[in-house]
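Single-structure report; data block below.
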Amino acid sequence: MRVSVNGQFAFVYTGKSEHLPNQSAVVFIHGAGLDHTVWVLPSRYFSRHGFNVIAPDLPGHGRSSGESLNKIETMADWIIALLDASGLSRHLSLATVWDR
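Using numbering that gives the first Met the number 0, read the sequence shown as starting at 0 and increasing by one per residue.
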């Protein structure tokens, strides 16, 4: 699905077609130079076991528009804006290591 975040479009893999408001969400964040595809298998698993899944392509990665974010703080602000735009209030976030 595509979500508008800070005036730009972000691609979000969900593992299924729609989110259900009564389910908790798991948020998967990829590392630098990657995209949502690193989370395809866990996304499918969690979406089929009662969770909404959000696995976005960060700006400048995969199918999302915009330039890459170069600070952890900026990425955190973007992720918060993405969660606000998604309308999901209950979530658990998982991320890869962002440094080398």
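For every residue, glycine included, the Cβ atom is placed at its ideal position computed from N, Cα and C.
Original post:
Among Leu-57, His-29, Met-74 and Phe-50, which one has its Cα closest to the Cα of Ser-23?
Top reply: Among Leu-57, His-29, Met-74 and Phe-50, the Cα nearest to that of Ser-23 is on Phe-50.
Original post:
Opposite Gln-7 in the DSSP bridges: which residues?
Top reply: For Gln-7, DSSP records a beta bridge to Val-4.
Original post:
Are the CB atoms of Ala-80 and Val-4 nearer to each other than 8 Å?
Top reply: Contact annotation: Ala-80 and Val-4 have beta-carbon atoms nearer than 8 Å.
Original post:
In chain order, what residues of the same chain lie with their CB nearer than 6 Å to the CB of Gly-14, ignoring the 5 residues before and after it?
Top reply: Around Gly-14: Ser-42, Arg-43, Ser-46 and Val-52.
Subject >> Neighbour-count burial assignment, Arg-99, 16 or more Cβ in a 10 Å radius >> reply: No answer about Arg-99 holds up, because its pLDDT of 47 lies below 50 and its placement is not dependable.
Subject >> Residue range of the unbroken beta strand (DSSP E) whose run includes Ala-54 >> reply: Looking at the DSSP string, the run of the beta strand (DSSP E) that includes Ala-54 is 51-55.
Original post:
Since Val-39 sits in a beta bridge, which residues does DSSP pair it with?
Top reply: Answer is none; Val-39 lacks a bridge partner.
Original post:
Is it buried or exposed for Pro-58, if we count other Cβ within 10 angstroms and need 16 for buried?
Top reply: Under this definition Pro-58 is a buried residue.
**OP:** Put Ala-31 into one of helix, strand or coil per three-state DSSP.
**Re:** Of the three classes helix, strand and coil, the one that applies to Ala-31 here is coil, per DSSP.
Original post:
What's the call for Asp-56, buried or exposed, on a 16-neighbour Cβ count within 10 Å?
Top reply: Buried, because 16 or more other Cβ atoms sit within 10 Å of the Cβ of Asp-56.
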